[in-house]
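Residue numbers (our numbering), protein chains in the order written: chain U, 1 to 349; chain P, 1 to 373. All residues carry an ideal CB built from backbone N, CA and C; glycine is no exception. What follows is a set of notes on a single structure, which appears directly below.
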Amino acid sequence: MFGNWRFQRLPSAHPGVAFAARAAAVIAALVFTGVILAIAGANPIELAAEVIDSSFGSSFGLEDLALLFIPLILTGLAVTVAQQIGAWNIGAEGQFYLGAFSATAVGLFVPGPPALILVLMFFAGIIGGMLWILIPTLARAYANVNELITTLLLNFVAALLVYYVSTGPWRDRVGLANSATPRLSAEVPEFWGIVHWGLPVAVLVVIATAAVFTFSRWGYEVRLSGSNPSAAKYAGIPVRRHLITVMLLSGGIAGLAGMLEIAGTVHRLQGGISNNFGYLGIMVAVLARGSSIGVIFSAALMAFILNSGIILQTQGLTTSAVLAMTGLILFLTAIGDELSHYRITREKT
Amino acid sequence: MVNLRNLSRRGFLNMSAAGAASTFLPSGLMRQAAAAEPLPAIAEEDAVLGFGHVGPITDEGWTWSHHQGLLACKEAYPNLKNILEVENVPYSSDATRTYRQFVKEGANMIFDTSSTGDFLHEVVKRAPEVAFMECNGHALMDNLGWYYLAHWYPTYVIGVAAGHLSKTGKLGYVASFPVASVYCSTNAFIMGARTVNPDATLQTIVINSWFDPQAATQAGTALVDNGCDFLFGIMDEAGYLQVAEKRGVWAAMWNTDIRRYGPNAYVSSVIIDFKDFYVDQVGKRLAGEWTPGEHLLPLGGGVDRDTWGQNVPQEVGDAADAVRQKMLDGWSPFVGELKDVNGEVRVPEGQRMTEMELYNWDWSVEGVTGLSS
Chain U
1 MFGNWRFQRL PSAHPGVAFA ARAAAVIAAL VFTGVILAIA GANPIELAAE
51 VIDSSFGSSF GLEDLALLFI PLILTGLAVT VAQQIGAWNI GAEGQFYLGA
101 FSATAVGLFV PGPPALILVL MFFAGIIGGM LWILIPTLAR AYANVNELIT
151 TLLLNFVAAL LVYYVSTGPW RDRVGLANSA TPRLSAEVPE FWGIVHWGLP
201 VAVLVVIATA AVFTFSRWGY EVRLSGSNPS AAKYAGIPVR RHLITVMLLS
251 GGIAGLAGML EIAGTVHRLQ GGISNNFGYL GIMVAVLARG SSIGVIFSAA
301 LMAFILNSGI ILQTQGLTTS AVLAMTGLIL FLTAIGDELS HYRITREKT
Chain P
1 MVNLRNLSRR GFLNMSAAGA ASTFLPSGLM RQAAAAEPLP AIAEEDAVLG
51 FGHVGPITDE GWTWSHHQGL LACKEAYPNL KNILEVENVP YSSDATRTYR
101 QFVKEGANMI FDTSSTGDFL HEVVKRAPEV AFMECNGHAL MDNLGWYYLA
151 HWYPTYVIGV AAGHLSKTGK LGYVASFPVA SVYCSTNAFI MGARTVNPDA
201 TLQTIVINSW FDPQAATQAG TALVDNGCDF LFGIMDEAGY LQVAEKRGVW
251 AAMWNTDIRR YGPNAYVSSV IIDFKDFYVD QVGKRLAGEW TPGEHLLPLG
301 GGVDRDTWGQ NVPQEVGDAA DAVRQKMLDG WSPFVGELKD VNGEVRVPEG
351 QRMTEMELYN WDWSVEGVTG LSS
């Protein structure tokens, strides 16, 4: 009888089941959007073919994916790192802005050979991101203020700060750029079309971070502090110190994303620089389920989704339709993830 | 006024000609990349055009007007089947991605209707076989030209009307960004108004967007709260016109005739029309005759003031139109001496500003507040 069936929650999902659930979710989302597109009068098969061809059919398309991948991998990693110790860094967006801001300050006002300036910008970006998360970090560590709120609110402050300097004191008066700073002369060199050396740097940062969390004693302590702070404290682990270090690391990584976006891709500080990469990083992290290496795959998926959005817009779909589709894929994936934690059992009576 | 960083060899050879170009040539052409080899001709049915817009084509303003240009091209070249059009292109690296996608889909000619600058130029440099036109652009390359409107003339005319209509002498302006088109627009407006009321002032609020009806409405409300009884601005939609209608003050707009959103408040609009320009440029590209040029559509040839609003007294409209007629006859109000907000003389006595100087204006004249100087 129906009453004999039970949903049973498992402590962790079987990897095979988790993968199947995720694949099913993506397929369900694609089928669902395909049906909606067909009802709207479009040809979903043709659109899908166009998306695949534009994304993977040429070097041009692959370069676009790679360029989107760089900031996403880092903001996704920033959020994932904070998760290791049980903190939600919703402020990767703000730290991204501050990383870009600090790197620009160095690029605009520090004289010197471009290679040296680039190195200084690299560290300025990281420090900028760290400074932006410093107050939420200390508030969480010493006053137990929820970092979810504080990091989120600082995003708006950061965006307005960047709008202010890029349209005000730092605005370009020579090149007549539309509300942006002058072009920075120090640039991360490109090695493949529009793709710059930020790509290998970002991937290396992910691998190094994953290695530290997985293999070092420090990483173990952090993970323990994240999963059970009380137990960690009784075991003599300095939870507060680890919390501060990890959150600063998280902010620094998001700041690095901002620095690479400025120095590698955009070259001018301006209001829209972040492209929501900070917020998208949260989705990347959710999809990666706390795995630093997983960030590589989820950032790749996210880059593909975002790039598909642009392709679909040139095919006459509106931004809202594209956003709705992106949301649907993520929504169904989240449901799939959650369901993979359950199994259905039949109780013997 | 020449962007040295983006200057190509051809651009450089042409610089000497640019200095002389202070008056309009036919079709608003200011200068042309003279030595550039035209891109080869394409059959109408094979051609692919791309249009990227800053806002939605339903804005009844800027983007809508450019969309009318696209429709005019379809009508003029009926076999033209492939026109790609993307709305709401952000001013970010997503703009680069959008224009690269146009190139991937085989576009032969791409119009960026709202100057995305470097984000577009990234694509221009990597797609030499594609013709690019940037509206309100500033760079001339071997395959990139730009086009814009001499909006300062009708704006000055509307400013004269504002000088007559405003009782308080406090004028308000809803601005997008502190960029050249906004400096020029605010300056022309207050200069026109001050010919009637020398004490008139212009308060500006910058909302960091060309299309944000809510922010424009808030800014308009704040300006009226501050005592302004005439609102002007450079928005793609009608937000602050509705504020003016509700609060019983005057408003002048941009782009199109949108008086139905505030028939009592409506004074006029800087009305724009790119249809002939687009048809001309696309025709040249199809025929293999297109070379990149710099175009400023003149008063009466793409930009003008709209028919005066129903409540504008006849004599006010006539007074402003008399100024318009002088302009059509070649007179310019943009002659020194002009001082900036700090009282420093920026244009000496008797010197007439060139069209390029007006186009690239980046400081505020006396009487304007709210823009960084």
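Could you pull the start and end residues of the beta strand (DSSP E) that residue i belongs to?
i	result
Y147 (chain P)	L144 to L149
G233 (chain P)	F230 to G233
I83 (chain P)	N82 to V86
Q415 (chain U)	As shown, chain U starts at 1 and ends at 349. That puts residue 415 (chain U) outside it, with no answer to give.
D112 (chain P)	M109 to D112
V137 (chain P)	Reading off the sequence shown, one finds Gly at residue 137 (chain P), where the question assumed Val. Element bounds for G137 (chain P): n/a, residue is neither H nor E.
R346 (chain P)	V345 to V347
Helix, strand or coil for residue i, going by three-state DSSP, please let me know.
i	result
A175 (chain P)	strand
R324 (chain P)	helix
W132 (chain U)	helix
L37 (chain U)	helix
Y266 (chain P)	strand
I126 (chain U)	helix
R289 (chain U)	coil
V188 (chain U)	coil
Y77 (chain P)	coil
D340 (chain P)	strand
R343 (chain U)	strand
I205 (chain P)	strand
L323 (chain U)	helix
F304 (chain U)	helix
H267 (chain U)	coil
L371 (chain P)	coil
F334 (chain P)	coil
V295 (chain U)	helix
V130 (chain P)	coil
A459 (chain P)	Residue 459 (chain P) is absent from the model: chain P starts at 1 and stops at 373.
Spatial neighbours of residue i within its chain, please: C-beta separation below 7 Å, excluding the five flanking residues on both sides.
i	result
D229 (chain P)	S166, K167, T168, K170, V249 and W250
D59 (chain P)	F211, D236 and E237
L328 (chain U)	A29, F32 and T33
L47 (chain U)	L37, L312 and Q315
G367 (chain P)	I190, R194, A200, T201 and L202
G219 (chain U)	V212 and F213
R247 (chain P)	V224
G76 (chain U)	G281, V284, A285, A288, V295, S298 and A299
Within a Cβ cutoff of 8 Å, which residues of the same chain sit near residue i, ignoring the five residues on either side of it in sequence?
i	result
L260 (chain U)	I70, P71, L74, G125, V188, H196, G198, V201 and A202
I237 (chain U)	E221, L224 and S225
S364 (chain P)	Y183, T186, N187, D340, V341, L371 and S373
A24 (chain U)	G336
V335 (chain P)	V347, G350, Q351, R352 and M353
Can you find the residues in the same chain that come closer than 6 Å, C-beta to C-beta, to residue i, ignoring five residues on each side of it along the sequence?
i	result
V86 (chain P)	G52 and T98
D64 (chain U)	N307
T167 (chain U)	S179
F12 (chain P)	Bear in mind that the predicted position of F12 (chain P) carries a pLDDT of just 38, short of 50, making it unreliable; the figure below should be weighed with that in mind. Nothing meets the Cβ criterion.
A21 (chain P)	Residue confidence is low: A21 (chain P) scores 38 on pLDDT, short of 50, so the model does not pin down where it sits. Its coordinate-derived value is still stated next. Correct list, in chain order: M30 and R31.
Could you tell me the boundaries of the alpha helix (DSSP H) in which residue i lies?
i	result
W5 (chain U)	Segment W5 to R9 is the beta strand (DSSP E) holding W5 (chain U); no alpha helix (DSSP H) there.
L39 (chain P)	Unbroken run through L39 (chain P): none, as it is neither H nor E.
V206 (chain U)	G198 to F215
G76 (chain U)	S59 to Q84
M353 (chain P)	Premise fails: M353 (chain P) is in no alpha helix (DSSP H) and is neither H nor E.
F102 (chain P)	S93 to K104
L49 (chain P)	First-last for L49 (chain P): V48 to G52, but that is the beta strand (DSSP E), not the alpha helix (DSSP H).
K233 (chain U)	P229 to Y234
Q214 (chain P)	P213 to D225
In this structure, what does DSSP give as the bridge partners for residue i?
i	result
D304 (chain P)	P:I271
A251 (chain P)	P:L231 and P:Y266
R31 (chain P)	P:E294
L299 (chain P)	P:V303
Could you tell me whether the stretch 286–293 of chain U touches the stretch 109–124 of chain U, using the rule of 3 or more Cβ pairs below 8 Å?
Two segments are said to touch when three or more pairs of C-beta atoms, one from each, lie closer than 8 Å; by this definition the stretch 286–293 of chain U does not touch the stretch 109–124 of chain U.
Would you be able to state if there are at least three C-beta pairs under 8 Å between the stretch 301–319 of chain P and the stretch 262–269 of chain P?
The answer is yes - the stretch 301–319 of chain P touches the stretch 262–269 of chain P, with three or more Cβ pairs under 8 Å.
Can you confirm whether the stretch 82–99 of chain U touches the stretch 159–171 of chain U when touching is taken to mean that 3 or more C-beta pairs between the two stretches lie within less than 8 Å?
As far as the Cβ criterion goes, the stretch 159–171 of chain U touches the stretch 82–99 of chain U, which means the pair count is three or higher.
Assess, as a yes-or-no matter, whether the stretch 140–152 of chain P is touched by the stretch 282–302 of chain P under the definition of 3 or more beta carbon pairs within less than 8 Å.
Touching, yes, given that three or more Cβ pairs across the two stretches are closer than 8 Å.
Take every Cβ of the stretch 119–130 of chain P, pair it with every Cβ of the stretch 88–97 of chain P, and state whether three or more of those distances are shorter than 8 Å.
The stretch 119–130 of chain P vs the stretch 88–97 of chain P: in contact.
Pair every Cβ in the stretch 244–257 of chain U with every Cβ in the stretch 100–120 of chain P, then say whether three or more of these pairs are closer than 8 Å.
Cβ pair count under 8 Å is below three, so no.
Please confirm if the stretch 61–80 of chain P is in contact with the stretch 280–287 of chain P, defined as three or more CB-CB distances below 8 Å between the two stretches.
Contact between the stretch 61–80 of chain P and the stretch 280–287 of chain P is present, because at least three Cβ pairs lie under 8 Å.
Decide yes or no for the touch test of the stretch 122–136 of chain U against the stretch 257–272 of chain U: beta carbon pairs closer than 8 Å, at least 3 of them.
Taking one beta carbon from each stretch, the stretch 122–136 of chain U and the stretch 257–272 of chain U have 3 or more pairs nearer than 8 Å; the two touch.
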